[in-house]
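If you're matching positions, the sequence shown starts at 197 in the working numbering and goes up one per residue.
Heads up, the beta-carbon is just placed ideally off N, CA and C, and yes, glycines get one too.
Please read all numbers here as calculations on a predicted model, not as lab measurements.
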Amino acid sequence: MSNRHLTKIPHHVAIIMDGNGRWARGQSLSRLEGHKKGSEVAREIVTAASRIGVEYLTLYAFSSENWRRDPHEVSGLMALLQHYLETEAEELHKEGVRLKVIGERSLLPNTILNLVEHVEELTKRNKTLTLQMAISYGSRAEILHATQEIAKKTRDHRLDPEDITEKIFNEHLYTAGIPDPDLLIRTSGEQRISNYLLWQVAYTELVFVDKFWPEFTPEDFMEALLTYQNRERRFGTAA
Ligand code: FPP
Numbered sequence: 197m198s199n200r201h202l203t204k205i206p207h208h209v210a211i212i213m214d215g216n217g218r219w220a221r222g223q224s225l226s227r228l229e230g231h232k233k234g235s236e237v238a239r240e241i242v243t244a245a246s247r248i249g250v251e252y253l254t255l256y257a258f259s260s261e262n263w264r265r266d267p268h269e270v271s272g273l274m275a276l277l278q279h280y281l282e283t284e285a286e287e288l289h290k291e292g293v294r295l296k297v298i299g300e301r302s303l304l305p306n307t308i309l310n311l312v313e314h315v316e317e318l319t320k321r322n323k324t325l326t327l328q329m330a331i332s333y334g335s336r337a338e339i340l341h342a343t344q345e346i347a348k349k350t351r352d353h354r355l356d357p358e359d360i361t362e363k364i365f366n367e368h369l370y371t372a373g374i375p376d377p378d379l380l381i382r383t384s385g386e387q388r389i390s391n392y393l394l395w396q397v398a399y400t401e402l403v404f405v406d407k408f409w410p411e412f413t414p415e416d417f418m419e420a421l422l423t424y425q426n427r428e429r430r431f432g433t434a435a
């Protein structure tokens, strides 16, 4: 790569942290051990992103579809999320991280929901990095939810159908107030969006990394940012 210096930092990076299970199998470890290592990597990437000056980082920690996994894996992932929130809240707060959870909250166990609300409240004024954790998140469900909210407003004559703009739609998504991702990274070699931020990634640059998430390092993160900066973004305009 010609330019090794980061001159164009994306405001918002979204990540699909894929490959914990395959990595674990390769190491003769359990899937949960793969997720545990994955959560440690996630923690390192949060710090790397904030040091680099990325303002928003969105991590796909648990999808709507993940509820259908083996109950042992689901409860293990929930325990891991709980542990992460309990042990990292203070440190994230000190680093100036604002935590925000996007997803279907009503499906979360009460302990996790209470913790999430506590950490969101604790960190809500922080400015260094906004960390959006997608938990029990599915993009189609998010879009349907926004549509229902808008439909209710038009039914109640609080909103004219003609006034439904992209801006209004954005304001009804879980990600309201957060700019669209500039860069989406997916690890593990899979090249899919998997029901992640479908509305928001309309003009996002996609970078697929051929490593499992537990192997992903801050250097790989930097490499993805360099790839991003060497891409030309035109937002549908002519070359
Ligand atoms: C995909 O790997 C990853 C997940 C379903 C969950 C991601 C969760 C973590 C990284 C840990 C929790 C995160 C935090 C921040 C506490 P996979 O299980 O689909 O892997 P596979 O495709 O190889 O089976």
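Excluding the 5 residues preceding and the 5 following G238 in the sequence, name in chain order all residues of the same chain whose CB lies nearer than 7 angstroms to its CB.
At residue 238 the sequence reads Ala, which differs from the Gly that was named. Excluding positions up to five away in sequence, the list reads M213 and L255.
Give me, in chain order, the residues of the same chain whose beta-carbon lies closer than 8 angstroms to that of A245; leave out the 5 immediate sequence neighbours on both sides.
Contacts found: V209, L253, L325 and F417.
Between the segment 300-317 and the segment 274-281, can you find at least three pairs of beta-carbon atoms closer than 8 angstroms?
Result yes; three or more Cβ-Cβ pairs closer than 8 angstroms.
Rounding to the nearest angstrom, what Cα-Cα distance links L318 and I374 in this structure?
Each residue's Cα considered, the two are about 19 angstroms apart.
Quick one: does the C-beta of D376 sit closer than 6 angstroms to a heavy atom of the ligand FPP?
No, the ligand FPP has no heavy atom inside 6 angstroms of this Cβ.
Can you grab the Cα-Cα spacing for the pair G334 / L202, in whole Å?
About 32 angstroms.
For I331, which option in T343, E345, W263 and G432 has the closest C-alpha, if you only look at C-alpha atoms?
Selected option, being the one with the closest Cα: W263.
How about M329 and V293: are their beta carbons less than 7 angstroms apart?
No, these two residues do not count as a Cβ contact at 7 angstroms.
Would DSSP call H208 helix, strand or coil?
Of the three classes helix, strand and coil, the one that applies to H208 here is strand, per DSSP.
Between E261 and E269, what straight-line distance do the alpha-carbon atoms span, to the nearest angstrom?
Roughly 13 angstroms separates the two Cα atoms.
Could you check which residue in K363, G272, F404 and E386 has the C-alpha nearest to that of R227?
Ranking K363, G272, F404 and E386 by Cα distance to R227 puts G272 first.
Using a Cβ distance threshold of 8 angstroms, determine whether the segment 377-388 contacts the segment 404-420, with at least three qualifying pairs required.
The segment 377-388, when compared against the segment 404-420, does touch it at the 8 angstroms Cβ threshold.
Would you say the beta carbon of S226 is closer than 6 angstroms to some non-hydrogen atom of the ligand FPP?
Every heavy atom of the ligand FPP is 6 angstroms or more from the Cβ of S226, so no.
Provide the residue span of the beta strand (DSSP E) that contains L327, from first to last.
First-last of the beta strand (DSSP E) with L327: L325 to Y333.
For a test of your reading of the model: does the CB of M436 fall under 6 angstroms from any non-hydrogen atom of the ligand FPP? Yes or no.
Residue 436 lies beyond the stretch modelled for the chain, which goes from 197 to 435, so this question has no answer here.
Could you tell me how far apart the beta carbons of I339 and I360 are, in whole angstroms, since I believe they sit closer than 8 angstroms?
The Cβ separation is near 13 angstroms, so there is no contact.
Kindly examine the ligand FPP and report whether one of its heavy atoms sits closer than 6 angstroms to the Cβ of H231.
Because some heavy atom of the ligand FPP lies under 6 angstroms away, the Cβ of H231 counts as near it: yes.
Return the CA-CA distance between K363 and L355, expressed in angstroms with no decimal places.
In a straight line, the C-alpha of K363 is about 13 angstroms away from that of L355.
Tell me the rounded alpha-carbon separation between K204 and H353.
Cα to Cα, the separation comes out at about 44 angstroms.
According to DSSP, simplified to helix, strand and coil, what is Y424?
Here Y424 sits in helix by DSSP.
With 16 as the cutoff for other CB atoms within 10 Å, does P267 come out buried or exposed?
Exposed is the call here.
Confirm the yes/no value for this check: CB of R218, any heavy atom of the ligand FPP, distance under 6 angstroms.
Checking every heavy atom of the ligand FPP against the Cβ of R218, one is found closer than 6 angstroms.
Can you tell me whether T400 is buried or exposed? The criterion is at least 16 other CB atoms within 10 Å of its CB, across all chains shown.
Per the 10 Å Cβ criterion, buried.
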